[in-house]
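Chemist: Counting in the working numbering, the sequence shown runs from -19 upward without gaps. Structure provided below as structure tokens; questions to follow.
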Amino acid sequence: MSIAVLYIVLISVSCSLAFVHFIIWIRLRKRIYSLLFTLVALSSGTLSVLEFRLFGLNNSEVYMHIMKYYHLFLFSFLVTLVWFIYDYFGTANRNLAILFTALWIVAISINFMVEGNITFYEIEAFAQRQAFTGEVFYHPIVSPNPWRHIADAASILFVIYILLATLKLFKKGNKERALSVGGSALIFILISGTLAPLIDVSILKLPTIVSAPFVLMVLAMSFELIADVVNGAKLAVRLSAEKSKWQNLLEEINLPVVIVDIEGMVEYVNPCLKTILGYTGEEILGKNWIELVVPEKERSDIVKNFSLPVTKGFPAHYENRVLTKHAEERLLAWSNVGIYNEKDQLTGITAVGSDITQRKRAFEQIIELKNQLEIENLILKQNLSSSPSTSEIITESKATIYAFEKARQVASVDSTVLLEGETGVGKGVFAKYIHKNSSRNKKPLVVVNCAALPAELLESELFGYEKGAFTGATKQKKGRFELADGGTLFLDEIADLPLELQPKLLRVIQDGTFERLGGEKTLSVNVRIITATNKELVDQVKANRFREDLFYRLNVFPITIPPLRKRKEDIPRLIDHFVGVFNKKYTKNITHISKQTYATFSQYHWPGNVRELQNIIERAVITAQGEVLKTNGLIPKATTHETAKSNTIIKLEELEREHIISALKACNWQIHGEEGAALALGLNPSTLRSRMKKLGIEKTPHLQA
């Protein structure tokens, strides 16, 4: 076989392979590597054409001219091969590919700028040689060009690039592709690189035939690529059958299904979703899903969650509202599955949903009914609890009767009321009386003790919170203001309301609006506010512990309730009343109360007022064995300032401190339980601990004595 026939075979093979892969690319446009491989095959064939032209040529000028273009197509071959490997493997280093391309661009630029070409300046002579076929050809003796080292560097980089990409693909598990394509590239490139110096030193008596290994490499790679196409076609047939099954399932399933590409364009919707949305397939397919059906107020959240186009960072489950063709909002819950190509790149999302509109509405109705039930329970409890009418007031004190008369007057109007008086004087009773005699008595009276909760809990208790507002907020909760809507909110111990919450309360009083904790929606309520305090709010304002503007808003109609020690004429009636109440509660039959008991109770100064009296009577009834009420040891010993009947005015805090210490000593410093000081004082244990801390009361040997 002559050299000419060999070149013709090489050219024919290259052109045939280029044609085949070009047809494949035409049919499968998404496979860019098929187009790149077509260019690789064409470049190798062109190199064979140029080498055939050089065979037997001994004209220096023509030889130099052809060599310039020979290097251009060598550049074309190597660069397209590099980017083919990059696209086909998916494991190649992009930066190395760019660097290799840049080096060859520099080399080709120099190739056309210098005299001669990139590898040599000039041809000094031609050496006549005879090929193994007996044919005579001419081999040029040249002057090397130092710029050739750029091309040499690019060639070394090329080998490193192919080697790294092949190893990565091999480790990734695609061994067949790595060996057939990557291995072929390495072997035939190394053969080509070895042929040139062997021909130059006449070890191999061949003309310039570097393109032969290139064509063989292209042929070897082509087998793998065509096998991919064949396997892909077989797989496509199977997938088509599977797709048909799934398509039938999606068409029949009574759940909404949508498939979108990474740009959010709709590729498929099933009949169920069309029915929900009211659109035909033609009105949805090819449209942007977000722009077509997602309400404008929710679009930014959808885009943020899905970040389209994305790789894998989308939520597996989410809920969103959609707008039907007739502008009706529906709530759908979606489960999402990514669609990936052979390179593990996300190409789209399949979302299977459920229309939960009715379920959500039912849930909201249940929540509303739950809140309504809570309100009705509050009203029922208040109706069952003692809330005295004018005829039921247990008092002979003119000061107390006057206070109740003021309460009766203000009950019929919606003014804010400030109840002032010591702990236990009955401020809660007055609040219930005002509410019961107001036009709001069909709505609830909601009670909040401002001293019983820390600031961070008090805000959520008063104003409610949204789901996720803080750790543990797993669902939305209405606050006391919302529960009291249309009724009355009684804020006890208002002086202990934290300063940071006072502006929020002031706003509700002024315009009836607020936001839940963690929420942005402004809520409106119609609430009457009654407050109570055992402190002088004027002093709190002066001490910068209470806002002056809030004080004026609360102090519209103040009512002062006298302490029990200033209405001792009421003590006998109160004793009889509470004995009757607790006889009934504990199934007792106490019928006799001694004059000494009445006298002892009347002499006691009652710092805990009516509440303390009520608690002591309750304890006496519980411990009673017969028909006689005994109170031995239940009343703390009189304090020093009482026995001395001193005219010195004792500060309220000092008096409270002495009284709490006396109660603690009487109860052996027990706070909780039926024998505890909290029950004796009529206080919540947490409130008692808070006051002990505030007044500096600790269980020390000095105080126990």
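Glycine is no exception: its CB is placed at the ideal position from the N, C-alpha and C atoms. These numbers were taken from a predicted model, which means no experiment stands behind them.
When the distance is taken between beta carbons, is V238 closer than 7 Å to L253?
Modeler: By one-based count along the sequence shown, residue 253 stands at place 273. By one-based count along the sequence shown, residue 238 stands at place 258. Yes, the Cβ-Cβ distance between L253 and V238 is below 7 Å.
Chemist: Using 8 Å as the Cβ pair cut-off and three pairs as the minimum, do the region 520 to 532 and the region 474 to 481 touch?
Modeler: The region 520 to 532 is in contact with the region 474 to 481.
Chemist: Rounded to whole angstroms, what is the Cα-Cα separation between L609 and K565?
Modeler: In the sequence shown, counting from the first residue as 1, residue 609 sits at position 629. In the sequence shown, counting from the first residue as 1, residue 565 sits at position 585. So the alpha carbons of these two residues sit roughly 15 Å apart.
Chemist: Excluding the 5 residues flanking R553 on each side, which residues of the same chain have their C-beta closer than 8 Å to its C-beta?
Modeler: To locate residue 553, count along the sequence shown from 1; it is residue 573. So the list reads I374, T375 and E376, once near-sequence residues are dropped.
Chemist: Indicate the three-state DSSP secondary structure (helix, strand or coil) for R420 in the structure shown.
Modeler: Here residue 420 refers to the residue found at position 440 when the sequence shown is read from its first residue. Of the three classes helix, strand and coil, the one that applies to R420 here is coil, per DSSP.
Chemist: Counting C-beta neighbours from all protein chains within 10 Å, is the total for I233 16 or more, i.e. buried, or is it exposed?
Modeler: The residue labelled residue 233 in the question sits at position 253 within the sequence shown. Per the 10 Å Cβ criterion, exposed.
Chemist: Would the beta-carbon of G25 be found less than 6 Å away from any heavy atom of the ligand HEM?
Modeler: The model depicted lacks the ligand HEM and carries no ligand whatsoever.
Chemist: Note down, in chain order, each residue of its chain lying with its Cβ closer than 6 Å to the Cβ of W649, except the 5 sequence neighbours on either side.
Modeler: Translated into positions along the sequence shown, residue 649 becomes position 669. The answer, listed in chain order, is K679.
Chemist: If you run the structure through DSSP and keep just helix, strand and coil, what is S392?
Modeler: Within the sequence shown, numbered from 1, the residue matching residue 392 stands at position 412. Of the three classes helix, strand and coil, the one that applies to S392 here is coil, per DSSP.
Chemist: Between the C-alpha atoms of K155 and G212, what's the straight-line distance to the nearest angstrom?
Modeler: Here the question's residue 155 lines up with position 175 in the sequence shown. Here the question's residue 212 lines up with position 232 in the sequence shown. The straight-line gap from Cα to Cα measures roughly 18 Å.
Chemist: What did DSSP end up calling S369 once you bin it into helix, strand or coil?
Modeler: Translated into the one-based positions of the sequence shown, residue 369 becomes position 389. The pLDDT assigned to S369 is 45, lower than 50, so where the model puts this residue is not dependable; a value taken from the coordinates is nonetheless given after this. Residue state, collapsed to three classes: coil.
Chemist: What residues are listed by DSSP as bridge partners for H572?
Modeler: Position 592 of the sequence shown holds residue 572. H572 is bridged to V608.
Chemist: Under the three-state reduction of DSSP, which class applies to N234: helix, strand or coil?
Modeler: Numbered from its first residue, the sequence shown carries residue 234 at position 254. Three-state DSSP puts N234 in coil, outside helix and strand.
Chemist: Looking at S574: is its Cβ nearer than 7 Å to the Cβ of I551?
Modeler: The residue you call residue 574 lines up with position 594 of the sequence shown. The residue you call residue 551 lines up with position 571 of the sequence shown. Contact flag unset, no.
Chemist: Given that a residue counts as buried once 16 or more other Cβ atoms are within 10 Å of its Cβ, and exposed if not, what is Y532?
Modeler: Start at 1 with the first residue of the sequence shown, and residue 532 comes out as number 552. Answer is exposed; the Cβ neighbour count stays below 16.
Chemist: Is the distance from the Cβ of V249 to the Cβ of W269 below 7 Å?
Modeler: Taking the first residue of the sequence shown as 1, we reach residue 249 at position 269. Taking the first residue of the sequence shown as 1, we reach residue 269 at position 289. Result no, Cβ atoms of V249 and W269 do not sit closer than 7 Å.
Chemist: Where does Y118 fall in DSSP's three states?
Modeler: Translated into positions along the sequence shown, residue 118 becomes position 138. In the structure shown, Y118 sits in a strand (DSSP, three-state: E or B).
Chemist: Just to confirm, is the Cβ distance from F537 to V507 under 7 Å?
Modeler: Within the sequence shown, residue 537 is the residue found at index 557, counting from 1. Within the sequence shown, residue 507 is the residue found at index 527, counting from 1. Not closer than 7 Å, so no.
Chemist: Taking the alpha-carbon positions, what's the F100 to I88 distance?
Modeler: Here residue 100 refers to the residue found at position 120 when the sequence shown is read from its first residue. Here residue 88 refers to the residue found at position 108 when the sequence shown is read from its first residue. Going by the C-alpha atoms only, they are around 13 Å apart.
Chemist: From the DSSP output, in three-state form, read off A624 for me.
Modeler: As a first step, residue 624 is located in the sequence shown; it is residue number 644 there, counting from the start. In this prediction, A624 has a pLDDT of 39, which is less than 50 and means its spatial position is unreliable; nothing more can be read from the coordinates.
Chemist: Smallest Cα separation from I189: which of N39, A131 and L34?
Modeler: Translated into the one-based positions of the sequence shown, residue 189 becomes position 209. When only C-alpha atoms are compared, the closest one is L34.
Chemist: Just to confirm, is the Cβ distance from L398 to L235 under 7 Å?
Modeler: Indexing the sequence shown from 1 puts residue 398 at position 418. Indexing the sequence shown from 1 puts residue 235 at position 255. It is not a contact, given that the beta carbons lie outside the stated cut-off.
Chemist: Considering only residues of the region 71 to 143, which uninterrupted alpha helix (DSSP H) runs meet the minimum length of 4 residues and lie entirely inside it, listed in chain order?
Modeler: Listed in chain order, they are 74 to 93.
Chemist: Between the C-alpha atoms of E115 and N38, what's the straight-line distance to the nearest angstrom?
Modeler: Here the question's residue 115 lines up with position 135 in the sequence shown. Here the question's residue 38 lines up with position 58 in the sequence shown. The straight-line gap from Cα to Cα measures roughly 14 Å.
Chemist: Relative to the C-alpha of V505, which candidate in D472, H557, G258 and T468 has its C-alpha closest?
Modeler: For the purposes of this step, residue 505 is taken as the residue at position 525 of the sequence shown. Comparing Cα-Cα distances from V505 to each of D472, H557, G258 and T468, the minimum goes to T468.
Chemist: Hey, A165 and T71: beta-carbon distance below 7 Å or not?
Modeler: On the sequence shown, residue 165 is found 185 positions in, with the first residue counted as 1. On the sequence shown, residue 71 is found 91 positions in, with the first residue counted as 1. Not a contact, by the Cβ cut-off of 7 Å.
Chemist: If you measure between the beta carbons of L471 and V428, is that distance less than 7 Å?
Modeler: Translated into the one-based positions of the sequence shown, residue 471 becomes position 491. Translated into the one-based positions of the sequence shown, residue 428 becomes position 448. Closer than 7 Å, so yes.
Chemist: Could you tell me if A296 is buried or exposed, where buried requires 16 or more neighbouring beta carbons within 10 angstroms of its beta carbon?
Modeler: Sequence index remark: in the sequence shown, residue 296 carries index 316 (1-based). Under this definition A296 is an exposed residue.
Chemist: With L16 and F64 assumed to form a contact (beta carbons below 8 Å), what rounded beta-carbon distance in angstroms separates them?
Modeler: As a first step, residue 16 is located in the sequence shown; it is residue number 36 there, counting from the start. As a first step, residue 64 is located in the sequence shown; it is residue number 84 there, counting from the start. Contact flag correct, Cβ pair sits at about 4 Å.
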